[in-house]
Amino acid sequence: MPVHYLFDAVLVVAVLGVMCYRQTTWRPVEVSQMWRMPIILGIVGLVMVSQTSGRVGTLDVALIAIELVVSLAIGAWMGAIAHFRRLPEPVAFGKDDRYLAEYESRTSAWGSALWLLMIATRIGLAVVAHLTGAQLAASTGLILLAFAANRAGRTFVFAGRLTRHAASPMPQLHDTLRS
Numbered sequence: 679m680p681v682h683y684l685f686d687a688v689l690v691v692a693v694l695g696v697m698c699y700r701q702t703t704w705r706p707v708e709v710s711q712m713w714r715m716p717i718i719l720g721i722v723g724l725v726m727v728s729q730t731s732g733r734v735g736t737l738d739v740a741l742i743a744i745e746l747v748v749s750l751a752i753g754a755w756m757g758a759i760a761h762f763r764r765l766p767e768p769v770a771f772g773k774d775d776r777y778l779a780e781y782e783s784r785t786s787a788w789g790s791a792l793w794l795l796m797i798a799t800r801i802g803l804a805v806v807a808h809l810t811g812a813q814l815a816a817s818t819g820l821i822l823l824a825f826a827a828n829r830a831g832r833t834f835v836f837a838g839r840l841t842r843h844a845a846s847p848m849p850q851l852h853d854t855l856r857s
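Going letter by letter, the sequence shown gives residues 679 to 857 in the numbering used here.
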């Protein structure tokens with residue numbers, strides 16, 4: 679087994695463990711901060727993919743497109759099933775308490791199950807890429823791009839839901855938070 683596959687496996691397990699933990703715990707939400715991870719992972723993934731040597735074939739493009747669409751769809755699904763609740767009073771969080779959250783969220787065990795589905799898809803497509811010689815589709819950078827697509831899909835749907843929820847009439851609680 680090539681060393682980069684071992685690195686891929688360790689990377690996937692580490693990210694999956696962190697994400698599964700985060701899916702099951704209530705965490706403060708600030709939408710602008712939620713966009714940070716997909717942007718950073720996307721940039722790093724693009725840099726890593728651009729450094730992959732070899733010929734880019736039609737199969738590479740097809741496998742990459744499939745993986746990114748599946749990751750984006752699963753992320754949107756995660757955003758759709760996310761539970762959120764208004765905090766009794768806004769909470770400062772993050773480094774130096776720079777962010778102010780009025781809501782917290784979690785996706786529970788279903789979010790973890792969706793992560794497992796995404797990982798299973800990645801493994802299946804990586805096997806196909808390896809067997810067919812599609813080097814770009816088997817690269818580590820693509821893992822990061824898939825995670826970025828997933829988080830972007832989740833954040834996009836979640837932000838829309840949160841905006842609609844915040845606009846819904848809840849006068850006594852809403853007025854309490856604003857005063």
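Even glycine gets a Cβ: it sits at the ideal position worked out from N, Cα and C.
Considering only their Cβ atoms, is the gap separating GLU782 from LEU765 smaller than 8 Å?
yes
Could you check what DSSP says for PRO716 in three-state terms: helix, strand or coil?
helix
Can you find a heavy atom of the ligand GDP that lies under 7 Å from the Cβ of GLY772?
The ligand GDP is not part of this structure, which contains no ligands at all.
Contact set for PHE836: own chain, Cβ-Cβ below 6 Å, skip 5 residues either direction:
GLY757 and ALA760
So, is ILE821 buried or exposed, given that buried needs 16 or more other C-beta atoms within 10 angstroms?
buried
Could you have a look at TRP733 and say whether DSSP puts it in helix, strand or coil?
As written in the sequence, residue 733 is Arg, which differs from the Trp given in the question. If DSSP states are grouped into helix, strand and coil, ARG733 belongs with coil.
HIS808 to ASP738 span [Cα, whole Å]
10 Å
For the beta strand (DSSP E) that SER783 lies in, which residues bound it at each end?
777-784
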